[in-house]
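For reference, the structure discussed in these notes is given below.
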Amino acid sequence: LKEGFRIDDQSYLGWFARATLSFWPKWDFKSGHRFYKKAMALNPSFTEAEEGLAELYTGIGDFEKAMAHTRNILTLNPLSPNHYYTKGVIHYLSRDYLQALESMEAALKVDPNFGFAIEMSLACYILLKDYEKLDSFLGEHPQAERPEECRALYKLMYPDENIDIGLSAIPSRLREGADSTLFPWHLFLQVYLGHHELALDILEEGVNRRMGPMINFMNIPFLEPLHRYERFQRLVKNTFHADKLPDEGSVDTVDAPAGRALLEEEVVQQYLATLSHHFENEQLFLDQNLSLKTLAAQMDIHPNKLSWLLNEHIGKNFNELVNSYRLEAFKGKALDPANSHLTLLALAFDSGFNSKSVFNDFFKKKEGMTPRAWVKANTRQV
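Per my numbering, residue 4 is the first one in the sequence shown, and the count goes up by one each step.
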């Protein structure tokens, strides 16, 4: 590689190779970021480099930038299963499992045997607490790496569900080829078996060895029970210390080349009025299955252009906009005495949220407190 650069230091493939060797085997975020950007500058249409940059942003938890780059590469190359998977990972780590599944379905349409998409789909069905779909998906995809471990994990996470799953063989299966799997199912099982110290041992080893499946450990949903441990917090701090992260000295925009508008101003205003009608009058945000694609279909606009419209003229991505409306709907319902017999989670679902964790995380991010604390504080003021 060094000899190649001596001959030609303007090879985008060479810079891409340097970026890949810096990021994946070493988790060198600074060098990986710099080299991916160099490859992209030399060949803006080379989506593999921009995908690598999106994966780097995902690893360090900058989902907004990761999604912006992912939208761009899917515009350039909508037939890449890897690009759909990259998008789905961002949704998964953001606790938006239905959107993640939509991305996995798109990836599997392009490549029905794409292992990463199969494993991610299983993870989403488990987190959505949908055993029927999990079992059906396993039946349709015999290529799944660890079907029995997936079922066992479901049973451990939801022990009160009346499903017949034996757990006696799991301890012995945990020792079978754990390092060779696309997903760290063995780690997740140890977490929900209650073996937290052992799980932290496995996690630390995986991080120290810079294993690919561990790159997103800071935000992996299955690892939430470990967040309270000082060992986990120290691991996050050491891995993602500010000194190790990219220096973002310049604005990083990718949604429209050179800031060029994708729609004429008159058309923009028409779509904004249509959007307002759908949300203010028809309250489409109450639909738990609403997606960027279905909203775009309702508005008769391409999803890429709708995404651009939201980011450029409202300043929010699709999930932020929809969840903001859902949040306001929840607050109104929560303070209504007529709803005092309903749980806060029931009111959240009635407001369009489809995940407890997404609701709680979004609420705390916007209000600075838990939903229960907010309701208590505002009930006293009424």
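Built from N, CA and C at the ideal position, the CB exists for glycine as well.
Since we're looking at a predicted model, the values are computed, not measured.
Asked: I'd like the list of long-range same chain contacts for E391, defined as Cβ closer than 8 Å, with 5 residues on each side in sequence excluded.; Found: Here the chain covers residues 4 to 385 and nothing more, so residue 391 does not appear.
Asked: Residues in its own chain within less than 7 Å of F220 by CB, not counting five upstream and five downstream?; Found: L206, V210, L226
Asked: Among the candidates A147, D290, D167, L96, whose CA atom is the shortest distance from the CA of A155?; Found: D167
Asked: Flag this pair as touching only if the stretch 326-343 and the stretch 273-289 have three or more C-beta atom pairs under 8 Å; answer yes or no.; Found: yes
Asked: Out of S124, S83, W30, F321, point me to the one whose CA is closest to E54's CA.; Found: S83
Asked: Tell me the rounded alpha-carbon separation between E29 and R213.; Found: Before going further, note that residue 29 is Lys rather than Glu in the sequence given. Those two C-alpha atoms are separated by around 6 Å.
Asked: Hey, quick one: how far does the alpha helix (DSSP H) through A341 stretch, first residue to last?; Found: That residue, A341, is in no alpha helix (DSSP H); it is neither H nor E in DSSP.
Asked: Okay, do the stretch 115-124 and the stretch 343-350 touch, 3+ Cβ pairs below 8 Å being the bar?; Found: no
Asked: Assuming N363 and T373 are in contact, meaning their beta carbons sit under 8 Å apart, how far apart are those beta carbons, in whole angstroms?; Found: 7 Å
Asked: Near L104, which residues of its chain fall below 7 Å by C-beta distance, leaving aside the five closest residues on each side in sequence?; Found: S124, C127
Asked: Buried or exposed: where does H36 fall if 16 or more other Cβ atoms within 10 Å of its Cβ makes it buried?; Found: buried
Asked: How is G64 classed by DSSP in three states: helix, strand or coil?; Found: coil
Asked: Taking buried to mean at least 16 other C-beta atoms within 10 Å of its own C-beta, is Q236 buried or exposed?; Found: exposed
Asked: Take the Cβ of E152 as the centre, count every other Cβ of all protein chains shown within 10 Å, and call the residue buried at 16 or more, exposed below.; Found: buried
Asked: If distances are taken between C-alpha atoms only, which option among I93, E315, S106 comes closest to D65?; Found: I93
Asked: Using only CA atoms, which one of I63, S343, D99, P162 lies nearest to P224?; Found: D99
Asked: Between the C-alpha atoms of F352 and L293, what's the straight-line distance to the nearest angstrom?; Found: 13 Å
Asked: Short check: CB of F32 to CB of P249, under 8 Å?; Found: yes
Asked: Roughly how many angstroms lie between the CA atoms of K308 and D133, to the nearest whole one?; Found: 33 Å
Asked: Taking only three categories from DSSP, how would you classify K177?; Found: A quick correction: the sequence has Leu, not Lys, at residue 177. Here L177 sits in coil by DSSP.
Asked: Do you know whose CA, among K247, K296, I304, lies nearest L275's CA?; Found: I304
Asked: With DSSP run on the structure shown, which of helix, strand or coil describes E105?; Found: helix
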